[in-house]
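In this text, residue positions in the sequence shown follow numbering that gives the first Met the number 0: the first is 0, and each later residue adds one.
Ideal Cβ positions, reconstructed from N, Cα and C, are used throughout, including at glycine.
Note that this is a predicted model, so its numbers are computed, not measured.
One structure is given below, encoded as structure tokens.
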Amino acid sequence: MSKNEDNNELPRSTGTCRFCGQQRIIKTVGEITQEKADEIATNECDCQEAKVYQNRASKIKKAREWADNRFMGHETVTSLFYEAFDRIVNHDVDKISIKDGDWTHNVFLDSDGYLTIKSGKKVDEEVNFS
Ligand SMILES: [Zn+2]
Numbered sequence: 000m001s002k003n004e005d006n007n008e009l010p011r012s013t014g015t016c017r018f019c020g021q022q023r024i025i026k027t028v029g030e031i032t033q034e035k036a037d038e039i040a041t042n043e044c045d046c047q048e049a050k051v052y053q054n055r056a057s058k059i060k061k062a063r064e065w066a067d068n069r070f071m072g073h074e075t076v077t078s079l080f081y082e083a084f085d086r087i088v089n090h091d092v093d094k095i096s097i098k099d100g101d102w103t104h105n106v107f108l109d110s111d112g113y114l115t116i117k118s119g120k121k122v123d124e125e126v127n128f129s
């Protein structure tokens with residue numbers, strides 16, 4: 000008896016986890032590049048390194064969405080934040096400060112490992128009487 004397999008309904012590629020080398024079959028809609036297939040495999044893998052990677056990627060994605068909303072239309076500022084998120088999550092540096100007008104935004108990982116943006120606005124008040 001021949002089973003009616005659905006193998007040919009969707010194009011499939013094999014992706015390789017970039018950390019442990021485990022391969023998996025990726026079902027795709029349309030053709031994808033090997034790089035994309037490997038990225039998907041890495042995102043689905045359960046190995047320790049892949050988990051860390053997925054966690055970092057998830058933080059960066061959420062932080063980017065925040066920056067996109069917070070600084071809508073200010074592409075220079077948003078791209079600086081994107082860079083800062085990558086650097087901080089990769090532990091290249093501990094903290095990055097971005098000054099934008101009266102605001103200072105500090106980007107860092109808090110003690111729980113959350114990617115954190117702490118924003119403060121310079122508030123000066125001066126009253127003079129002669
Ligand atoms: Zn893996």
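Next on the checklist: Along the chain, where does the beta strand (DSSP E) containing residue 109 start, and where does it finish?
Outcome noted: Here residue 109 refers to the residue found at position 110 of the sequence shown. No beta strand (DSSP E) holds residue 109; DSSP gives it neither H nor E.
Checklist entry - Terminal residues of the continuous alpha helix (DSSP H) containing residue 91? => result Along the sequence shown, one-based indexing puts residue 91 at 92. Careful: residue 91 lies outside any alpha helix (DSSP H) and carries neither H nor E.
Item to check | Per DSSP, the bridge partner or partners of residue 118 | outcome: Counting from 1 along the sequence shown, the entry for residue 118 is found at position 119. For residue 118, which the question treats as bridged, DSSP gives the partners 104.
Item to check | Distance, residue 118 Cα to residue 64 Cα | outcome: What you label residue 64 is simply residue 65 of the sequence shown in a count that begins at 1. What you label residue 118 is simply residue 119 of the sequence shown in a count that begins at 1. Their backbone Cα atoms lie some 16 angstroms apart in a straight line.
Item to check | Inter-residue spacing [alpha-carbon to alpha-carbon] between residue 14 and residue 103 | outcome: Your numbering for residue 14 matches position 15 in the sequence shown. Your numbering for residue 103 matches position 104 in the sequence shown. When rounded, the distance between both Cα atoms is 42 angstroms.
Checklist entry - Looking at C-beta atoms only, is the number of pairs between the stretch 106-117 and the stretch 81-97 that lie closer than 8 angstroms three or more? => result yes
Checklist entry - residue 22 by DSSP, collapsed to three states: which one? => result The residue given as residue 22 occupies position 23 in the sequence shown. DSSP places residue 22 in strand when its eight states are reduced to three.
Checklist entry - Looking at the unbroken beta strand (DSSP E) that takes in residue 57, where does it start and where does it end? => result Position 58 of the sequence shown holds residue 57. Counting along the chain, residue 57 falls outside any beta strand (DSSP E), though it belongs to the alpha helix (DSSP H) covering 47-69.
Next on the checklist: Here's the rule: buried if 16 or more other CB atoms are within 10 angstroms of the residue's CB, otherwise exposed. What is residue 1?
Outcome noted: Start at 1 with the first residue of the sequence shown, and residue 1 comes out as number 2. Caution is warranted here: a pLDDT of 44 is assigned to residue 1, below 50, making its placement in the model unreliable, and the coordinate value is therefore given only provisionally. It is exposed - the Cβ of residue 1 has fewer than 16 other Cβ atoms within 10 Å.
Item to check | Beta-carbon contacts of residue 121 that lie in its chain and below 8 angstroms, excluding the five residues immediately before and after | outcome: Position 122 of the sequence shown, counting from 1, holds the residue named residue 121. Excluding positions up to five away in sequence, the list reads 101, 102 and 103.
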